[in-house]
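Student: In this note's numbering, the protein residues as written are 1 to 100.
All residues carry an ideal CB built from backbone N, CA and C; glycine is no exception.
If you're wondering where the values come from, they're calculated on a predicted model, not measured in any experiment.
Take this structure, written in structure tokens, and hold onto it; I'll ask about it next.
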């Protein structure tokens, strides 16, 4: 958590749909066990804001290759490759995150 700053690209992975969404950026201090988000399944949490636009991509093999949390060089490369195959996130997702 200490390495996350306002310029760190963050991505949300929906385990139920295997969709990767981002980029997001920190909008506050990271912390542990903030509220009951995700039924406390993920104790490390970071308040985020959307970038200028959101992209999404389906991860064809599901969570198997995506690790949760901080990424090593391999994970960063994998996310970068995946997002190159992404599409602009659906309108309702853009709107939920306050984008035009």
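Rounding to the nearest angstrom, what Cα-Cα distance links residue 34 and residue 47 in this structure?
Tutor: 10 Å
Student: Exposed or buried, what is residue 20 when buried is set at 16 or more other beta-carbons lying within 10 Å of its beta-carbon?
Tutor: With 16 or more other Cβ atoms within 10 Å, it is buried.
Student: At which residues does the beta strand (DSSP E) containing residue 84 begin and terminate?
Tutor: Counting along the chain, residue 84 falls outside any beta strand (DSSP E), though it belongs to the alpha helix (DSSP H) covering 73-84.
Student: Measuring alpha carbon to alpha carbon, tell me which of 92, 42 and 25 ends up nearest residue 32.
Tutor: 42
Student: Alpha helix (DSSP H) containing residue 46: first to last residue?
Tutor: Segment: none, residue 46 is in no alpha helix (DSSP H) and carries neither H nor E.
Student: Output yes or no for whether 8 Å exceeds the beta carbon distance between residue 89 and residue 58.
Tutor: no
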